[in-house]
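Colleague:
Numbering (UniProt numbering), first residue to last: 1 to 1118.
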């Protein structure tokens, strides 16, 4: 069921409750399974209505769903049984025992025998455990307290115990708004419309239909008086007259406050009415026209507003406008700037309007002079003081140093600009002209992504306002970086902020991803407003240049976009503009200019509206090449418009004044100190993990080799210091017969992106099922996705293949396997999962409790081990599925028995969190690896530590402090693959002797993951630059390199690379990639090739050649 259908059920529940249809309410609760009414449940239990209790429960869970459900039903039936015994009704007690309690004997036979034995006692209180059983009332009370705990802990009741918050009589309100809109569409609207039915659309011109029931027989409409326009259907309609006591713009939003209690709501509307001149704050106070009060209260909640065009202009007040023509709009492409990465945010300098600030999806910041097309300044993302960062941020950067810019914005005077990044950080730079950018402030502003940033002047002091994924808005002193205010109250990530002021009242509008709009004064007294954005959309708000008109634009989860003007005095939508399309992904961006025009990037073009006209004014494709939802930004005068392109560039559009302005600028002479070439001002490149000493372009042969014991295939032991790496001349290498297989085109391999209709979030973990017929992914939002292949004529084996697309599988219940995330941000958590050998169950965690899911039904069988510490790696014991090794973020390993719910032992030997576990059933050992780059070997007999060794990090390669080390046993169960961002190494267990080591070229970026093929003959390695390498496992020689262009679509709008790689369990040449954009890609060689390249010939005295794109430090092959 879609989210809108689900919400409709809640609206109907509210309506039925208000109309006192009590039985129907509870029947719908039970049948829909959306809301478990705990109060109703308590009443039934207290009254002993056991049949009704179980019937109601059946809408939400069954006896055998999980252990919580089993315990709930057992407690209820046990109480029913004891009450029958207490009444000396043995016949009834026997019936309950046989019909209701016998089902539990299969799970605990001893307990069932004990319960049966109670029949033989004169008084069951003779049983020691029941000796304190009181009367029926007290026993039910005690049981009820236990049931409530079980229900709250049961994952099947998650998100079903709270009724969503919305205004009273919401369904009536929506119907009333629909009628208002229908009335506005009437050709000859009557002042006193007569509503006789809701079964057909209203029309003043024609009767509503011969079969329409009379008002008397229509219970919904019977109470409606016939006044001018349409009065509300109920007492709580949205069209109540606004109290005149709060005439400010923000106070207007408060005129109909939400019934949701807020920290300040109970204190009354303080703060806003204090100024004596508050009435003057709203420069053009608006009141509803008396002839038709409905017309000024359009609401975008009505689908009619979105889908039916208006045949006439709005009859309410209009703003005076001077004459203008379409030539006033900047539509002529005058310049294209090549960014090199996808544009996320832009802002023109408020004074020097030829300067354009740009932020991109890889954390780059550029300042362009659009007059000359010169890039005059460039900064790449780098944390200025890593030691000052919180541990979650350090861990996040260690796991993935890449970030995206979410917002760039100049301060009002252009002396500063701020950058909001997708990971915790805000940077404030000072700008001193030309290429002179200086670091000013680094603020760790939020946990997770910083979604928006703006400057404001509360108390006549420049401040920075930020909002983030952690649902909080914060205000910072722009000079010192000191935190001034924290505003909490949103229940979803805060998407955008809009600081504003009306004379001496400063306030901030904020919008969240759940469509909630709130407003705050700088007084830490809580939200003053709680309203819904049109369509529950992720919305940005913006005032016109003169600060008198408020607009918003956003896109909801269904892809519907809304561009509206707000009536500030009422806190209601005043106009809904037509012309925005529906998009599958992304949020439409908009801007305003000249107090006259609105623009939005939509459907591969820029669309323009006149602020006073609902219909689209015009649009331009900007000569083509725009993405579906381009980023746009006007300069202050509205003569220039910057638009992002789909090839990572920016087009500058101009009107005639803008063209003249740019020509004037071009004719000026610039001195070199003011405009420096981009290459000169470019900041030093930052290594992917923050290393400042990594020298780009060198090979391991240029550095001192790490001293580590290496055993070649000839069994001669030597150290790396004995081996002289040889750099082969490229021209000589080309003459050799063997050469590296390069896969650079889609035509050179077979690949398939798995179909996905769910929210795309980066893939954190990926595995094929043991049978090879399905792939399971765990995304960073804690949701699992399962793709299954069907056996048919095109796929006779039914196994995973690129030739047939699988089905994204879900059970008929529609539930998702979603991990508990507790209070952690799932983006910051370390996800992990393990699959049982028969593919029936998956054990999984995403920073919260560990969950055990049934792979057929997706039901949560049980949850256990709430953090802290959180689980970071899971592995089933090879001989006993009931034994699990659980690596924790506190560096310990817990050996856990699922059947008895008991930790058998704890293993301690690492200094940092556990990042890998692998069992060898041949050697009877468990090998663990950690973020401390250490390998430990533990005996599975007594769980004592047998050996340990630290990885040797290659010289010149600075590993991040939290880099993961993964381990995997070879099929022989003796050789061990160790994967680190700096290297691939082969060890021999149980002594953990290093046999071979392979170090990739630095240009590929760090290794993100690696795995053996199913036959252990190959190793698949993924890199941060998107490429995949295929190594011959026995020699650690690279034989094939697959570039991202071979499996990713051209010109991706985001930098995409594999985070995890999985090998097919029976096809040694097939692997799957879990990508940063949420996609899963299967890759196979061409059928004509059958494999990934050929192994290079063994060489005497030399490591692999640099032509292969790698440098190696393994022993020479003979």
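For each residue, glycine too, the CB sits at the ideal point set by N, CA and C.
1. When the distance is taken between beta carbons, is residue 979 closer than 9 Å to residue 1028?
2. Okay, do the segment 401 to 419 and the segment 763 to 781 touch, 3+ Cβ pairs below 8 Å being the bar?
3. Rounded to whole angstroms, what's the CA-CA distance from residue 905 to residue 500? Just pull it up for me.
4. Our contact map puts residue 1004 next to residue 1092 with C-beta atoms below 8 Å; I'd like the distance itself, whole angstroms only.
5. Pair every Cβ in the segment 608 to 619 with every Cβ in the segment 649 to 659, then say whether three or more of these pairs are closer than 8 Å.
6. Report the residue from 581, 10, 639 whose alpha carbon sits nearest the alpha carbon of residue 165.
7. Could you tell me if residue 688 is buried or exposed, where buried requires 16 or more neighbouring beta carbons within 10 angstroms of its beta carbon?
8. For residue 486, does the three-state DSSP call read helix, strand or coil?
9. Does the segment 502 to 510 come into contact with the segment 451 to 460, if we say contact requires no fewer than three beta-carbon pairs (one atom in each stretch) closer than 8 Å?
10. Just to confirm, are residue 997 and residue 984 a CB contact at a threshold of 9 Å?
11. Three Cβ pairs or more, each shorter than 8 Å: is that satisfied between the segment 365 to 378 and the segment 420 to 439?
12. How many Å lie between residue 439 and residue 359 at the Cα?
13. Would you kindly check if the distance between the Cβ of residue 587 and the Cβ of residue 346 is under 9 Å?
14. Does residue 840 get closer than 9 Å to chain D when you measure Cβ to Cβ?
15. When the Cα atoms are used, what is the spatial distance from residue 560 to residue 641?
16. Decide if the segment 595 to 609 is in contact with the segment 621 to 630; the criterion is three or more beta carbon pairs, one per stretch, under 8 Å apart.
17. Using CA atoms only, rank isn't needed, just tell me which of 577, 847, 49, 950 is closest to residue 887.
18. Please return the same chain residues whose Cβ sits closer than 7 Å to the Cβ of residue 122, not counting the five positions on each side in sequence.
19. Taking residue 442 as part of the beta strand (DSSP E), name the residues at either end of that continuous run.
20. Let me check you understand the geometry: is the CB of residue 1063 closer than 8 Å to at least one non-hydrogen atom of the ligand ZN?
21. Roughly how many angstroms separate the alpha carbons of residue 408 and residue 473, rounded to a whole number?
22. Can you look up residue 117 in the DSSP assignment and give me helix, strand or coil?
23. Taking Cβ to Cβ, would you say residue 867 is nearer than 9 Å to residue 822?
24. Going straight from the alpha carbon of residue 158 to that of residue 152, what length do you get?
25. Would a C-beta distance cut-off of 9 Å place residue 127 and residue 110 closer than the cut-off?
26. Taking the beta strand (DSSP E) that residue 902 belongs to, which residues open and close that run?
27. If I'm right that residue 1078 touches residue 1059 with Cβ under 8 Å, what's the distance once you round it to whole angstroms?
28. Which same chain residues end up closer than 7 Å to residue 201 when comparing Cβ atoms and leaving out the 5 residues on each side of it in sequence?
29. Taking only the alpha-carbon atoms, compute the straight-line gap between residue 637 and residue 536 and give it to the nearest angstrom.
30. Please state whether the Cβ-Cβ distance between residue 752 and residue 819 is less than 9 Å.
31. Relative to the alpha-carbon of residue 839, which residue among 7, 856, 548 has its alpha-carbon at the smallest distance?
32. Please name the residue in 1032, 936, 941 whose C-alpha comes closest to that of residue 993.
33. If residue 789 and residue 801 are in contact, beta carbons under 8 Å, what's the gap, nearest whole angstrom?
34. With a threshold of 7 Å on Cβ separation, who are the neighbours of residue 882 within its own chain once the five nearest residues in sequence on each side are excluded?
35. Alpha carbons only, please: which of 567, 558, 557, 538 is nearest the one belonging to residue 551?
36. What do you get for residue 456, buried or exposed, if any count of 16 or more other CB atoms within 10 angstroms of its CB means buried?
Modeller: Result, derived from the coordinates:
1. No, these two residues do not count as a Cβ contact at 9 Å.
2. no
3. 59 Å
4. With 8 Å as the limit, residue 1004 and residue 1092 do not qualify as a contact, their Cβ atoms being about 17 Å apart.
5. no
6. 10
7. With a pLDDT of 34 at residue 688, under the threshold of 50, the modelled position of that residue is not reliable, and the figure given next carries that caveat. So residue 688 ends up on the buried side.
8. strand
9. Cβ pair count under 8 Å is three or more, so yes.
10. yes
11. yes
12. 16 Å
13. no
14. Considering every chain present, this structure includes no chain D. It has just one protein chain.
15. 25 Å
16. The segment 595 to 609 makes contact with the segment 621 to 630; the number of CB pairs closer than 8 Å reaches 3 or more.
17. 847
18. none
19. 437 to 444
20. As far as ligands go, the structure on display features none, and thus does not contain the ligand ZN.
21. Our two residues, residue 408 and residue 473, have alpha carbons roughly 17 Å apart in a direct line.
22. helix
23. A contact, by the Cβ cut-off of 9 Å.
24. 7 Å
25. no
26. Start and end: 902 to 908.
27. The pair is not a contact, with the Cβ atoms about 10 Å apart (cut-off 8 Å).
28. Spatial neighbours of residue 201 in its own chain (CB-CB distance under 7 Å, excluding positions within 5 residues in sequence) are listed in chain order as 182.
29. 33 Å
30. no
31. 856
32. Residue 993 has its Cα closest to that of 936, out of 1032, 936, 941.
33. 7 Å
34. 897, 898, 899
35. 567
36. buried
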